[in-house]
Amino acid sequence: MKIIDKSEVEVAKTPHKVDVRKLFSFEHATIVHIELKPGEALKKHITPVDVTFYVLEGEGSVEIGEERKDVIKGQLIFSPAKIPHKLLNNSDKDFSFLVIKTPTPTSETKIL
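Numbers 1053 to 1164, taken from this note's numbering, label the letters of the sequence shown in order.
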């Protein structure tokens, strides 16, 4: 058994310049926790693998391809590989979510 405490995981340095913490990774999946403060957003990017987002706290907006939807705590969002996507916090409270990449990418994410 492996138990990971998010508070013990260092914030990663990414082009997004927000709170990103890689919680766990093995060949079949990578799990990341992201917290966006009010007004923060991930830059639009393309991931080489499928990505699933699970909203833990707050509300925000998700753009996948040409679609944009508002999302709230408890919702799961699927983004197919190689489709541009971004998440943004347009609320006045923190917006946090898990990012599950399947499988673990072997090439870099492309920022647009």
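Where is the CB? At the ideal position from N, CA and C, for every residue including glycine.
Q. Unbroken beta strand (DSSP E) runs of length 3 or more, entirely within the region 1086-1148: which are they?
A. As far as the region 1086-1148 is concerned, its whole beta strand (DSSP E) runs of at least 3 residues are 1102-1109, 1111-1116, 1119-1124, 1128-1131, 1137-1140.
Q.
So lysine 1125 and valine 1107 are supposed to be a Cβ contact under 8 Å. How far apart are they, rounded?
A. 5 Å
**Q.** Rounded separation between isoleucine 1083 and lysine 1145 - CA only
**A.** 23 Å
Q: Identify, in the order they occur along the chain, each residue of the same chain with its Cβ nearer than 6 Å to the Cβ of valine 1070, setting aside the five sequence neighbours on each side.
A: Leu1088, Glu1092
Q. From Ser1148, Glu1160, Pro1157, Thr1161, pick the residue whose C-alpha is nearest to that of leucine 1072; which is it?
A. Position check: residue 1072 holds valine in this sequence, whereas leucine was assumed. The option with the nearest alpha carbon to valine 1072 is Ser1148.
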